[in-house]
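The sequence shown begins at 1 in full-length UniProt numbering and counts up one residue at a time.
All C-beta atoms, glycine included, are put in the ideal place defined by N, C-alpha and C.
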Amino acid sequence: MRKDVLAMKFMKDTGVFIANDIKRLKRKWLSLPLLFILPILFIVSLIFLLSNLVSEETDVDIAIGLVNLDENDMTKTLVDSLSEETDLTKGLSMESMSIEDAEEKIEHDKVSAFIVFPANFAENMMAGKKSDLEVTGNPKRQFESYVISSAVDTLIRHIRNSQSNILTLNHYAKDFGMSDEERHDLIFKEFVNQFIQVLSSDTLMDEDEKSQNFTSGNAYLVVNGLFIVFTVWVYMLYVLLMKDTPSGIQDRMKMLKVSLLSEGLGRLISIFIAIIIPILLVLGLSIYMLDIPLTLDNILRVISLLILHILITVVLLNLVDWLSLSVRISLITQSLVILFIVVFSGSLLPRIYFPTYLDKIFDYFYGYQSLNWLEEIMLNGRFTMEIDVLMVTLVIVIILMIIISYIKGRRFT
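Written out as structure tokens, the structure reads:
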């Protein structure tokens, strides 16, 4: 059979699946609104409870622990200078301590968070290499530690952006005959000034207002709540269509030589058509009610992120469906997949409260990247986004979808 004929048959079969899925959804028009409303009601109730907790928060001093794991004299002097700076800023205190003391004080709720200067921190910074500060938050003081984490992230970004300037300064200082001690002292003072500036109360407050996190109102909670709602909508629609699939459909597909890929692609398009309008309506209403200033470009970025997130999630659910031995196993596994997406997106608990060895999961997980850039655009006013992880993930799951449909199709023919 010619390739163009096969392509036409594939498109026709996919169109039939889309039409059937849309027809089945239309038959459930009475229960469909309820399917969309229930998750919203649950999340709204949760946001209401959390916002009441936020309103009961009182102003307290932010205590930060400083843990130095670097043997470099420059880092030691930096930590000592920060901890000895008694008038650093109002409401903010920093204290040098060992890692054991820091963990104990976190456990006994004596510090809001502690910042770890890792080994070779100063050496890497001076050499222009990647220098990271690790922040461990206090689960009992989520608001303060989240703000500290945001401020430290800002500092790290500033360091990375200015490392070329530091290296240039270091180079010219050498050319002018400045001694190593004077040169290191100059760069050290510049770094301390940057650190104190970023960790000042005004900067923390600015980070707080930019991030729209827990302490600054409901916007942070709403954005995270919407992410959960949209993800759950995808799952509920998929389950609704999966359970309503006529019995014996696989036998008929084999008789008519319909590919499994046509069914999967049809399911993907059907769910996207059914869900995109409710998502846009709820998103637009939320932006209007929260008075979030978004340009047209940023609105398009937000929509693009949501589209990529929806497509990847549907394909993942489809892969689980194909690989499961029974409907019950499929439902259980899909529920676990959705739970994993919600938990490791950081929508229930910010990334700071997870162990550091899970950082790689967050860095390369599409759910976290989707929500992170939604927050950056909607709450922080960013005008850029990085979708490399999302695009690579989408390509990978689509390739897996093609391979599995081909293998499973051959196995049962």
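Between residue i and residue j, what straight-line distance do the alpha-carbon atoms span, to the nearest angstrom?
i	j	result
Pro-139	Leu-226	23 Å
Thr-384	Glu-376	9 Å
Ser-326	Leu-319	13 Å
Lys-174	Glu-386	38 Å
Asp-202	Val-135	Annotation note: pLDDT 46 at Asp-202 (below 50); position unreliable, coordinate value reported separately. Approximately 20 Å, taken between the alpha carbons.
Ile-396	Ile-312	10 Å
Lys-110	Ile-99	14 Å
Arg-141	His-184	37 Å
Gly-137	Pro-350	10 Å
Ile-407	Ala-102	53 Å
Tyr-25	Ser-335	Here the sequence assigns Leu to residue 25, which means Tyr is not the residue at that position. Taking the straight line joining both Cα atoms gives about 21 Å.
Met-125	Leu-237	50 Å
Ile-402	Gly-409	10 Å
Ile-398	Tyr-353	32 Å
Asn-298	Glu-104	43 Å
Met-11	Leu-296	34 Å
Glu-182	Thr-168	15 Å
Ile-277	Leu-285	12 Å
Asn-218	Thr-77	41 Å
Thr-333	Pro-39	20 Å
Ser-81	Trp-373	35 Å
Leu-41	Ile-187	54 Å
Pro-355	His-108	18 Å
Leu-358	Asn-120	22 Å
Is the beta carbon of residue i less than 8 Å from the beta carbon of residue j?
i	j	result
Gly-367	Ser-345	yes
Tyr-220	Ile-338	no
Ile-62	Ser-112	yes
Leu-306	Ile-279	yes
Asp-13	Ser-405	no
Asp-70	Pro-33	no
Leu-281	Val-314	no
Val-229	Ile-43	yes
Leu-35	Leu-316	no
Met-378	Val-223	yes
Val-79	Asn-72	no
Ile-303	Leu-294	no
Ile-178	Ala-122	Checking the sequence, you will find Met at residue 178 rather than Ile. Cβ distance not < 8 Å, so Met-178 and Ala-122 don't count as in contact.
Leu-308	Ser-370	yes
Asp-291	Met-242	no
Should residue i go down as buried or exposed, given a rule of 16 or more other Cβ atoms within 10 Å for buried?
i	result
Leu-390	buried
Ala-7	exposed
Thr-393	buried
Gly-65	buried
Asp-180	exposed
Leu-323	exposed
Trp-29	exposed
Leu-283	buried
Met-94	buried
Arg-301	buried
Ile-37	exposed
Asp-388	exposed
From the DSSP output, read off the bridge partner residues of residue i.
i	result
Phe-114	Gly-65, Thr-136
Do we get a CB-CB distance below 8 Å when we pair residue i with the residues of chain E?
i	result
Ser-179	The structure shown contains no chain E, having only a single protein chain.
Checklist line | Contact the region 269 to 283 vs the region 348 to 362: 3+ CB pairs below 8 Å | finding: no
Checklist line | the region 258 to 271 / the region 13 to 20 touching (three or more Cβ pairs under 8 Å) | finding: yes
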